[in-house]
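Residue numbers (UniProt numbering): 1 to 395. Following: one structure in C-alpha cells, then a few remarks.
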C-alpha cells in the first residue's frame, strides 16, 4: 500500500473509531438499571455479561478473521452492537433479557476490538512507515476520549428527558460506523485450510507472549479496575450515596474523559520529561488515591477522583501497546490478544465483586479494591524485576 493510499485511509480510520465509540447510553446504564428496581448483584450480573461475552467470543472472532475480511468482521460487529443496545432499551424488566442483550453487545465489541488496529498495522507496514502506527493509534485514542466526553454529557442530558432516549440514539452511530468499516482497504486471503491448526499456532504464539507478562497484567488489571469504576462504582456512589442528578453526573464523567484525552495528548511530553517508569507507577497510584477520596464522606472529594482515574485511563493503553509494538509480529499479536482477553475477564470479575461488596458496604468494597490493586501492583513489580534479571543473565 502506497503512502498516498495510507493518507486516504487514516481519516476514515479516525472517523470510524470516533463514531463507533459514541455510546450515549453507557454513562446512564446504571441509572437505567436502578430505575428497573434491580439489586446491586443483579446490576453486576448484567454489566459483567458484557465482559464475559467478550472473553468467550475471542476464539470465535479469531476464526472469523481467518474466514472473512477484517472489514466484514467490523461490519458484523457494529450490527451486533445495534441489536444489543436495542434489546437493552426494548424491555428493561427482564434480567435475563438484559443479560442476553449485554452479551450480544459484548460479542459485537469483540469483533471490533483490535480488528481495526490490525488493519492499521497492515497499512503502515505496507506503506513502509511502521513508526506511523504508534502515532496514529495514540491520536485516535485521544479522539475516542473526545467522543466519550461529548457522548457522556449528551447522554446524561438526554436521559433527563427520557431514560431510554440515549439507548435509541446510540443505534444510528453504530449503524453509520458499520458502513464506514466497509470503506477500509485490505489485502485478504481466506485461510480456511489452516483453521484445523488454529489452536497449535495460537499456542506457539502464546508461548512467546509470556515474555511481556508483567505488561499484560499491568494493562489488564489496571484498565479493568478503571472501567469497573467508570461503569459501576462511580454511578452507584453518586446516585445512591451522593444523590446527584443525571445531568450533574454527566458533567462529573466529563472530567474523566477530558483528563483522559489530555493525558493521551501529553503522554510523549510527560515520558520525555519524567521518564516512562514514573508514568507506569502513576497508574495504580491514581487508582489507589481516587479510592481513598471516594471513601471520604465529603462532597469536594468526588471532584479529584475522576481526574485521577481519567489520567490513568489516558496513559495505560498507550504505555502497554507501545511496549508490545517493540516485539516481533507473532509475539506482538499474541500479547495484544492476551491483554484484551485478561482485561475482559478481570473487568467482568471486578464488576461482579464490586456489586457484591457494595451490597454489603460501599466503603468496604472500595477498601477491598484498593487492597487488590496494591497486591497486584507489587506482584507486577516483582515479576518485572525477575524478567529484567533473567534478560541481563542471558545477554
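Even for Gly, the Cβ is constructed at its ideal location relative to N, Cα and C. Note that this is a predicted model, so its numbers are computed, not measured.
Quick check on this structure: which residue in 290, 372, 219, 237 has the alpha carbon closest to the alpha carbon of residue 340? On the chain shown, residue 340 is found 340 positions in, with the first residue counted as 1. If we check each option's Cα against that of residue 340, 219 comes out closest.
According to the Cβ coordinates, are residue 255 and residue 176 closer than 7 Å? Sequence index remark: in the chain shown, residue 255 carries index 255 (1-based). Sequence index remark: in the chain shown, residue 176 carries index 176 (1-based). Between residue 255 and residue 176, the CB-CB gap reaches or exceeds 7 Å.
By Cβ distance, which residues of its chain are closer than 7 Å to residue 284, with the 5 residues on each side in sequence left out? Locating residue 284 in the chain shown gives position 284, where the first residue counts as 1. Taking residue 284 as the centre and dropping the five residues before and after it, the same chain places the C-beta of 222, 373, 377 closer than 7 Å to its C-beta, in chain order.
Classification of residue 135 by the beta-carbon crowding that lies within 10 angstroms, buried from 16 upward: Taking the chain shown and counting its residues from 1, the one referred to as residue 135 is at position 135. Burial call: exposed.
Closest to residue 399 by CA distance: which of 225, 89, 82 is it? The chain is shown from 1 up to 395; residue 399 falls before or after that span and cannot be answered.
Beta-carbon proximity check, residue 357 vs residue 368, cutoff 7 Å: On the chain shown, residue 357 is found 357 positions in, with the first residue counted as 1. On the chain shown, residue 368 is found 368 positions in, with the first residue counted as 1. For the 7 Å CB-CB criterion, residue 357 and residue 368 form a contact.
For residue 403 and residue 33, what's the separation of their Cα atoms in angstroms? Residue 403 is absent from the structure shown; the chain starts at 1 and stops at 395.
Given this structure, state the Cα-to-Cα distance separating residue 237 from residue 80, to the nearest angstrom. Here the question's residue 237 lines up with position 237 in the chain shown. Here the question's residue 80 lines up with position 80 in the chain shown. If you take the alpha carbons of residue 237 and residue 80, they lie about 31 Å apart.
Does the stretch 41 to 57 come close enough to the stretch 342 to 349 to have 3 or more Cβ pairs within less than 8 Å? The answer is yes - the stretch 342 to 349 touches the stretch 41 to 57, with three or more Cβ pairs under 8 Å.
Cβ shell of residue 280 (< 8 Å), same chain only, five flanking positions each side left out: Start at 1 with the first residue of the chain shown, and residue 280 comes out as number 280. Taken in chain order, the residues that qualify are 218, 319.
With DSSP collapsed to three states, give me the class of residue 171. On the chain shown, residue 171 is found 171 positions in, with the first residue counted as 1. In the three-state scheme derived from DSSP, where H, G and I count as helix and E and B as strand, residue 171 is classed as helix.
Under a three-way DSSP split, which group does residue 297 fall into? Residue numbering aside, residue 297 sits at position 297 when the chain shown is read from its first letter. Coil, per DSSP.
Which runs of the alpha helix (DSSP H) at least 4 residues long sit entirely within the stretch 101 to 147? Give them in chain order. With a minimum length of 4 residues, the unbroken runs of alpha helix (DSSP H) contained wholly in the stretch 101 to 147 fall at 115 to 127.
Sequence-distant residues of its chain with Cβ nearer than 8 Å to residue 114 (five each side left out): Locating residue 114 in the chain shown gives position 114, where the first residue counts as 1. So the qualifying residues of the chain are 336, 337, 340.
Skipping 5 residues on each side, what residues in its chain have a beta carbon closer than 6 Å to that of residue 396? There is simply no residue 396 to check, as the chain begins at 1 and stops at 395 in what is shown.
Buried/exposed call for residue 275, threshold 16 Cβ in 10 Å: Indexing the chain shown from 1 puts residue 275 at position 275. Exposed, by the Cβ-count rule.
Find out if the Cβ-Cβ distance for the pair residue 73, residue 86 is shorter than 7 Å. Counted from its first residue, the chain shown places residue 73 at position 73. Counted from its first residue, the chain shown places residue 86 at position 86. Cβ atoms of residue 73 and residue 86: not closer than 7 Å.
Is residue 103 near the ligand PLP - that is, is its Cβ less than 6 Å away from at least one heavy atom of it? Absent from the structure shown: the ligand PLP. Ligands present: none.
Look at the alpha carbon of residue 313 and the alpha carbon of residue 31, and state the distance between them as a whole number of angstroms. Your numbering for residue 313 matches position 313 in the chain shown. Your numbering for residue 31 matches position 31 in the chain shown. A straight line joining the alpha-carbon of residue 313 with that of residue 31 spans about 23 Å.
Rounded straight-line distance, which links the Cα of residue 13 to that of residue 119: Taking the first residue of the chain shown as 1, we reach residue 119 at position 119. Taking the first residue of the chain shown as 1, we reach residue 13 at position 13. For residue 119 and residue 13, the distance between alpha carbons rounds to 9 Å.
I'd like the span of the alpha helix (DSSP H) that includes residue 406, first residue to last. The displayed coordinates of the chain run from 1 to 395. Any statement about residue 406 would go beyond what the structure contains.
Cβ atoms of residue 18 and residue 224: under 7 Å apart, would you say? Numbered from its first residue, the chain shown carries residue 224 at position 224. Numbered from its first residue, the chain shown carries residue 18 at position 18. With a cutoff of 7 Å on beta-carbon distance, residue 224 and residue 18 are scored as not near each other.
Could you say which of 137, 76, 354 lies nearest to residue 109 if we only look at CA atoms? Your numbering for residue 109 matches position 109 in the chain shown. Distance check between residue 109 and each of 137, 76, 354 places 76 closest, using alpha-carbon atoms only.
Please classify residue 230: is it buried, with 16 or more other beta-carbons within 10 angstroms of its beta-carbon, or exposed? The residue you call residue 230 lines up with position 230 of the chain shown. Classification for residue 230: buried.
Based on Cα-Cα distance, which residue from 139, 301, 379 lies nearest to residue 266? Translated into positions along the chain shown, residue 266 becomes position 266. Taking only the C-alpha atoms, the option nearest residue 266 is 139.
How about residue 233 and residue 44: are their beta carbons less than 7 Å apart? On the chain shown, position 233 is the one that residue 233 refers to. On the chain shown, position 44 is the one that residue 44 refers to. No, the pair does not count as a contact, with Cβ atoms beyond the cut-off.
Per-residue burial, residue 303 [other beta carbons within 10 Å of its own, 16 or more giving buried]: On the chain shown, position 303 is the one that residue 303 refers to. By the 10 Å Cβ count, residue 303 comes out exposed.
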